[in-house]
Structure formats: C-alpha cells, structure tokens
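*Asks:* Numbering (this note's numbering), first residue to last: 8 to 291. For glycine and all other residues, C-beta sits at the position ideal for the given N, C-alpha and C. One structure coming up, written as structure tokens, with questions to follow.
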Amino acid sequence: ALVQDRRALIITWCDRDPLAAHFRAAQRRGGRLPVAIFFGGPPALALLASPAWQLGRDVYAVVGGLADGTFEVATCRTHPLLVPAESELVIEGQLDTSDAAHEARTATLEVEMITHRTGPRLTAQVPGGPADEPAQLRRTAARLALPRLRAGHRAIRKLVCPDWAAGEVLLVAIEKRHAGEPREVAALIASDATFVRLRFLVLVDDDVDLADERQVWQRVASECRPTTDVIGSPHALGDEVPAMLAFDATRPWPEVDRAGRDRQTSVEQIRELVTARWSEYGMP
8 ALVQDRRALI
18 ITWCDRDPLA
28 AHFRAAQRRG
38 GRLPVAIFFG
48 GPPALALLAS
58 PAWQLGRDVY
68 AVVGGLADGT
78 FEVATCRTHP
88 LLVPAESELV
98 IEGQLDTSDA
108 AHEARTATLE
118 VEMITHRTGP
128 RLTAQVPGGP
138 ADEPAQLRRT
148 AARLALPRLR
158 AGHRAIRKLV
168 CPDWAAGEVL
178 LVAIEKRHAG
188 EPREVAALIA
198 SDATFVRLRF
208 LVLVDDDVDL
218 ADERQVWQRV
228 ASECRPTTDV
238 IGSPHALGDE
248 VPAMLAFDAT
258 RPWPEVDRAG
268 RDRQTSVEQI
278 RELVTARWSE
288 YGMP
C-alpha cells in the first residue's frame with residue numbers, strides 16, 4: 008500500500024492475488040469492498056499470507072491448528088471483517104471498485120479508522136541478501152507446496168529452493184514416465200501461486216541428489232539442449248516475455264531418443280568401488 012494522503016491509501020495487486028478475485032466480485036455487486044490491513048499477529052501468518060494459501064482456504068483456521076487451537080480473532084469496528092486479536096495496528100477502510108485505475112490493478116482505499124495498541128511494535132522483513140527472512144519464508148512455502156504438487160502430478164518426487172536464490176530458482180526431481188511429463192510439470196508449477204516469483208525451473212531425473220548442485224548442473228550440461236529442452240511459461244499478466252524458463256535436464260525418452268554419449272560414472276562412485284576392492288589389488 009502507498010500513502011496518498013491522510014485519508015487514503017493506494018492498493019496494488021497482481022492477477023494471482025486473492026484480492027483480485029474479491030475486487031471483481033465487489034464490482035459485480037456494484038458496491039465497495041471492505042478491507043482490513045493489520046500489523047502483528049502470530050508469525051505463521053507471514054508464511055500463510057501467500058496467495059497460494061489464501062483463496063478458498065480459512066487461513067485463520069490453519070494458523071489456529073499450528074497454534075494448538077489457541078488463535079483468537081476480533082471483529083473490526085467499521086465492518087465485519089476479522090483480524091488477529093493480538094494485532095499491533097489495524098487500518099480499516101473501503102476499496103473503491105468504481106475507480107478507473109483498477110484496470111492497472113490499483114485502487115484507492117478510503118481509510119475509515121485506525122486502531123492500535125499503546126506503544127505498538129511494528130514488525131518488518133528487512134531484505135538482506137539471498138538468505139534473508141523473505142527468502143526463508145519462500146523456501147518454507149515451497150516445501151509446504153510439495154504435497155499439493157504431488158497430488159497434481161504423480162511424477163514429482165523432490166524439490167529444493169537453493170539458498171542463493173530462494174523463490175527465483177527451483178530444482179525439481181521427477182520420475183519420468185513419458186516424453187511429455189517435464190512440460191506438464193513445468194506448466195503445473197508455473198500455474199501455482201506459491202511460485203509467482205519463480206524465474207528459473209530446473210527439472211532432473213529422480214536419481215539426482217538435489218542437495219548436490221554440482222550433480223544438478225552437470226545433468227543440465229549433459230542433457231538440456233537449448234533448441235528443444237528450454238520451456239517458456241507465459242507471464243501471468245499476458246506479457247510476451249516468458250515469466251519463467253524451465254530447463255528439461257531429464258534423460259530423453261526412448262521414443263524420442265537422440266544420439267549421445269553414455270552416462271559416465273561419477274567420481275564418488277568410482278572412489279567407493281576402488282575403496283571396497285582395494286585389498287584385491289595387492290597394494291598397501
């Protein structure tokens with residue numbers, strides 16, 4: 008939100024944000040949209056505030072489950088929306104759905120009331136590099152998304168968000184059963200709101216250790232052909248430039264096999280084999 012004046016804020020959103028769906032529904036009704044912005048509350052709210060968790064889910068119920076059922080809410084004073092009872096500060100208002108600026112995914116929030124605790128303490132996420140707090144929240148959200156992704160496509164086995172680019176780069180191991188599966192998995196991930204910030208997706212076979220990035224990039228170098236194995240995903244807002252690029256570094260399926268070299272045994276496998284048979288070589 009951006010401050011317009013003492014009584015108004017400018018609210019912005021993207022198409023995948025649940026606010027977009029609520030805004031369109033209010034437009035169809037022909038009325039204003041009540042909004043509450045709060046600061047503070049249980050730390051789990053920062054994680055569950057992502058678009059993937061909000062639409063169609065009771066986020067407060069999930070937070071209550073994580074807190075052993077002790078999560079309390081309070082009703083706003085100017086409309087019936089609920090906010091965490093332990094909020095430090097609450098801004099209540101109405102979003103003008105007739106504002107012409109909504110086509111640019113912005114609208115004016117007319118502030119009706121601000122309430123706060125005595126001496127409120129406002130929490131913030133301070134960006135500080137690849138391993139900062141927002142990055143760790145994105146990594147956690149990605150891990151929580153794994154069961155949902157597996158339910159959407161049985162080929163998905165593991166995923167890792169690297170520390171150095173959490174949220175922008177995702178490594179995924181799949182059990183490939185047919186030639187088109189990497190593209191299916193890429194499309195599924197691109198459509199998931201958890202990965203709205205994702206720029207690069209790397210798909211490898213499930214025999215690759217995703218924690219060993221050297222293995223991952225060796226597989227990319229040996230299996231991914233720029234002409235056929237780089238997949239562009241359309242931008243959520245319809246831009247011509249792809250929002251995400253996926254690199255299919257899985258082994259080619261027999262029906263579309265291509266000439267290539269045999270896969271080489273890794274240095275670690277050779278070392279283990281030599282160590283196990285060392286006594287047979289007659290060497291000290």
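Would you report the Cα separation of A8 and F30, rounded to the nearest angstrom?
*Replies:* Locating residue 8 in the sequence shown gives position 1, where the first residue counts as 1. Locating residue 30 in the sequence shown gives position 23, where the first residue counts as 1. Answer to the nearest angstrom: the Cα atoms are 15 Å apart.
*Asks:* Where does Q11 fall in DSSP's three states?
*Replies:* Here residue 11 refers to the residue found at position 4 of the sequence shown. Strand.
*Asks:* What are the boundary residues of the alpha helix (DSSP H) that includes G159?
*Replies:* As a first step, residue 159 is located in the sequence shown; it is residue number 152 there, counting from the start. Its alpha helix (DSSP H) spans residues 140 to 159.
*Asks:* Quick one: Cα of S94 to Cα of I181, how far?
*Replies:* Counted from its first residue, the sequence shown places residue 94 at position 87. Counted from its first residue, the sequence shown places residue 181 at position 174. C-alpha separation (whole angstroms): 42 Å.
*Asks:* Within 10 Å of its beta-carbon, does F207 have 16 or more other beta-carbons around it, so buried, or fewer, so exposed?
*Replies:* For the purposes of this step, residue 207 is taken as residue 200 along the sequence shown, with counting starting at 1. Classification of F207: exposed, given that the 10 Å Cβ count is below 16.
*Asks:* Please list, in chain order, all residues of the same chain as T130 whose beta carbon is under 6 Å from its beta carbon, the five residues on each side excluded.
*Replies:* Against the sequence shown, residue 130 aligns to sequence position 123. Closer than 6 Å at Cβ, skipping near neighbours: no residue.
*Asks:* Where does P41 sit, in a helix, a strand or coil, going by DSSP?
*Replies:* The count along the sequence shown starts at 1 and reaches residue 41 at position 34. DSSP places P41 in strand when its eight states are reduced to three.
*Asks:* Taking its Cβ as the centre, do 16 or more other Cβ atoms sit within 10 Å of A68, making it buried, or is it exposed?
*Replies:* Taking the sequence shown and counting its residues from 1, the one referred to as residue 68 is at position 61. With fewer than 16 other Cβ atoms within 10 Å, it is exposed.
*Asks:* Check this for me: beta carbons of L88 and D103, under 9 Å apart or not?
*Replies:* One-based indexing of the sequence shown puts residue 88 at position 81. One-based indexing of the sequence shown puts residue 103 at position 96. Contact flag unset, no.
*Asks:* Measuring CB atoms only, is the segment 131 to 150 touching the segment 168 to 179, in the sense that at least three cross pairs come out at less than 8 Å?
*Replies:* In short, these stretches touch, since the Cβ pair count reaches three.
*Asks:* Any heavy atom of the ligand ATP closer than 8 Å to the CB of V69?
*Replies:* The ligand ATP is absent from the structure shown, which contains no ligand whatsoever.
*Asks:* With distances taken Cα to Cα, identify the nearest neighbour of E275 among V66, D219, A250.
*Replies:* Within the sequence shown, numbered from 1, the residue matching residue 275 stands at position 268. Ranking the options by Cα distance to E275, first place goes to D219.
*Asks:* Classify G239 as helix, strand or coil using the three-state DSSP reduction.
*Replies:* Translated into positions along the sequence shown, residue 239 becomes position 232. Three-state DSSP puts G239 in a strand.
*Asks:* Tell me, please, which residues DSSP counts as bridged to E182.
*Replies:* Within the sequence shown, residue 182 is the residue found at index 175, counting from 1. DSSP lists no partner for E182.
*Asks:* In the DSSP output, what is A253 paired with across the bridge?
*Replies:* Locating residue 253 in the sequence shown gives position 246, where the first residue counts as 1. For A253, which the question treats as bridged, DSSP gives the partners L208, I238.
*Asks:* If I'm right that A15 touches V118 with Cβ under 8 Å, what's the distance once you round it to whole angstroms?
*Replies:* For the purposes of this step, residue 15 is taken as residue 8 along the sequence shown, with counting starting at 1. For the purposes of this step, residue 118 is taken as residue 111 along the sequence shown, with counting starting at 1. Sure, about 6 Å apart at Cβ, within 8 Å.
*Asks:* In the DSSP assignment, what are the bridge partners of G100?
*Replies:* In the sequence shown, the residue the question calls residue 100 occupies position 93. G100 is bridged to V42, V118.
*Asks:* Using beta-carbon positions only, say whether H86 and A152 come within less than 9 Å of one another.
*Replies:* On the sequence shown, position 79 is the one that residue 86 refers to. On the sequence shown, position 145 is the one that residue 152 refers to. In this structure, A152 does not lie closer than 9 Å to H86 by Cβ.
*Asks:* Among all the DSSP beta bridges, which residues are the ones paired with S94?
*Replies:* Looking up residue 94 in the sequence shown gives position 87. DSSP, once it has assigned bridges, lists G47 as partnering S94.
*Asks:* Report the three-state DSSP secondary structure of A173 (helix, strand or coil).
*Replies:* On the sequence shown, position 166 is the one that residue 173 refers to. It is a strand residue.
*Asks:* What's the gap between the Cα of G37 and the Cα of S105?
*Replies:* Residue 37 sits at position 30 when you count from the first residue of the sequence shown. Residue 105 sits at position 98 when you count from the first residue of the sequence shown. Roughly 8 Å separates the two Cα atoms.
*Asks:* For P189, which residues in the same chain have their Cβ closer than 6 Å to its Cβ, ignoring the five residues on either side in sequence?
*Replies:* Locating residue 189 in the sequence shown gives position 182, where the first residue counts as 1. Contacts found: L210, D255, T257.
*Asks:* Per DSSP, what kind of secondary structure is A33 in: helix, strand or coil?
*Replies:* Taking the first residue of the sequence shown as position 1, residue 33 is located at position 26. If DSSP states are grouped into helix, strand and coil, A33 belongs with the helices.
*Asks:* What does DSSP give as the partner residue(s) for H123 in the beta ladder?
*Replies:* Against the sequence shown, residue 123 aligns to sequence position 116. Answer is L96, bridged to H123.
*Asks:* Across which residues does DSSP place V80 in a beta bridge pair?
*Replies:* Within the sequence shown, residue 80 is the residue found at index 73, counting from 1. Paired residues: P91.
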